[in-house]
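Below: one structure, written as structure tokens.
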Amino acid sequence: EPEVTQTPSHQVTQMGQEVILRCVPISNHLYFYWYRQILGQKVEFLVSFYNNEISEKSEIFDDQFSVERPDGSNFTLKIRSTKLEDSAMYFCASRGTVYNQPQHFGDGTRLSIL
Amino acid sequence: DAKTTQPNSMESNEEEPVHLPCNHSTISGTDYIHWYRQLPSQGPEYVIHGLTSNVNNRMASLAIAEDRKSSTLILHRATLRDAAVYYCILRMNRDDKIIFGKGTRLHILP
């Protein structure tokens, strides 16, 4: 069964450094998402992306965050200048073209900011 | 936002059926009811969804009350692998993002 893959599984970065989290969505999916989950808390929506544009973003997704689909297969989340509070699990998701189809999630990248 | 209410945790014995309840009294006519689960150290995983009629798939069944103000996710024969946090979510029309609540943490006893 096709799946969403994320790399790396764990990223350790110094505060203030830039980090890029990578995702390979399911190949025929066109809608892409990033969510995050701080340890012990709820999964939170960050951003949705379609047709090379951000469709919606949450308040968390400030100017330090950006997303990109640099080629036909990857979908990335960049954090420009990381803060301690950015430490979390980051999940990528994708879905097919029919509205209300389920989103398929990757297993996440654990981001640890030191 | 339409909200759901779920018990914080539940326990069940292995190989027995599990009924996970969800209340959504403010549901609107076009809201779909989705269930996801999150196994330890994994991302959320889609389980099932429905609008008005009961639904079955290989993972579970979804029973929706006639007034749609509540629903129940049914795992027919729980295994240890079903221990997870189960989220009941309303997907509002034209709202693509998923809003996760705290869910129900399901413990399976061997």
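Read top to bottom, the protein sequences are chains A and L.
Quick note: the first sequence uses my numbering, first residue 857, plus one each step.
Quick note: the second sequence uses my numbering, first residue 3, plus one each step.
Just so you know, even glycine gets a beta-carbon here, dropped at the ideal spot from N, CA and C.
From a predicted model like this one, the values you see are computed outputs, not experimental measurements.
Would the beta-carbon of residue i fall within 8 Å of that of residue j?
{"i": "A/PRO864", "j": "A/SER950", "result": "no"}
{"i": "A/TYR889", "j": "A/VAL899", "result": "no"}
{"i": "L/VAL49", "j": "L/TYR34", "result": "no"}
{"i": "A/PRO958", "j": "L/HIS26", "result": "no"}
{"i": "A/VAL875", "j": "A/LEU967", "result": "yes"}
I'd like to know whether the C-beta of residue i is nearer than 8 Å to at least one C-beta of chain L.
{"i": "A/SER922", "result": "no"}
{"i": "A/GLN959", "result": "yes"}
{"i": "A/PHE947", "result": "yes"}
{"i": "A/GLU912", "result": "yes"}
Measuring only between beta-carbons, confirm whether residue i sits less than 8 Å from chain A.
{"i": "L/HIS109", "result": "no"}
{"i": "L/GLN8", "result": "no"}
{"i": "L/LYS5", "result": "no"}
{"i": "L/TYR34", "result": "yes"}
What is the DSSP secondary structure of residue i, counted as helix, strand or coil?
{"i": "L/LEU108", "result": "strand"}
{"i": "L/ARG2", "result": "Since the first residue of chain L shown is 3 and the last is 112, residue 2 of chain L is not available in this structure."}
I'd like the span of the beta strand (DSSP E) that includes residue i, first residue to last.
{"i": "A/ALA949", "result": "944-951"}
{"i": "A/ILE935", "result": "931-935"}
{"i": "L/LEU22", "result": "20-25"}
{"i": "A/THR869", "result": "866-869"}
{"i": "L/GLY52", "result": "47-52"}
What's the gap between the Cα of residue i and the Cα of residue j?
{"i": "L/SER73", "j": "L/THR32", "result": "15 Å"}
{"i": "L/ILE100", "j": "L/PRO112", "result": "33 Å"}
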